[in-house]
Amino acid sequence: MTSSRPDPAVRLLAITLDCPDPVRLAQFYSEALDLPVTVSTPGFVLVGREGSPGLGFYRMDDYRPPTWPDSAVPKQVHLDLGVDDLDAAQARLLALGAVEPDVQPLPHKRRVLLDPAGHPFCITR
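For the sequence shown, position 120 matches number 119 in numbering that gives the first Met the number 0, and the numbering has no gaps at all.
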């Protein structure tokens with residue numbers, strides 16, 4: 000069966016992370032990725048650039064951070080960020096509020112860090 004109507008356009012607007020403090024987490028990613036805040040309400044903040052998908056941060060009062068690498072509280076999302084210099088990028092992200100977990104599966108290729116709300120993310124060359 001064919002239709003004369005075209006398929007509706009679908010596009011990615013944002014990837015949204017649950018967290019206890021959207022303003023704090025948005026500030027971290029805004030500085031880390033050099034992205035401006037485009038939307039800010041008491042329970043939601045979005046960073047990004049006009050015409051491109053953004054990162055959103057949604058307040059969850061009962062938020063529990065992932066317990067990576069233990070799966071008692073699983074990861075809800077995992078971001079991979081590209082960097083030119085692992086050591087310099089790691090130092091910058093730690094200064095912005097990231098935390099380095101004890102487990103580093105392939106530290107010569109990528110580093111696992113935790114954002115201020117506890118979400119694991121990787122920096123990779």
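We put the beta carbon where it would ideally sit given N, CA and C, even for glycine.
Keep in mind the model is a prediction, meaning the values are calculated, not measured.
Strand pairing of residue 98, partner residues [DSSP]: 113
The segment 14 to 27 / the segment 111 to 124 touching (three or more Cβ pairs under 8 Å): yes
Touch test, the segment 90 to 107 against the segment 38 to 58, Cβ-Cβ under 8 Å, three pairs minimum: no
Distance CB(residue 56)-CB(residue 16) smaller than 7 Å: yes
Residue 107 to residue 39 span [Cα, whole Å]: 37 Å
Contacts around residue 29, its chain only, beta-carbon distance under 8 Å, and the 5 residues preceding and following it disregarded: 35, 36 and 46
Enclosing beta strand (DSSP E) for residue 119 [first to last residue]: 119 to 123
Beta carbon of residue 90 nearer than 7 Å to that of residue 82: no
Residue span of the alpha helix (DSSP H) that contains residue 58, given as start and end: Taken as a continuous stretch (DSSP letters only), residue 58 belongs to no alpha helix (DSSP H), being part of the beta strand (DSSP E) at 53 to 58.
8 Å contact criterion, which residue 59 and residue 18 should meet: CB distance rounded: 7 Å
Completely contained alpha helix (DSSP H) runs for the segment 24 to 48, where each covers 4 or more residues: none
Within 7 Å, strictly: CB atoms of residue 53 and residue 8: no
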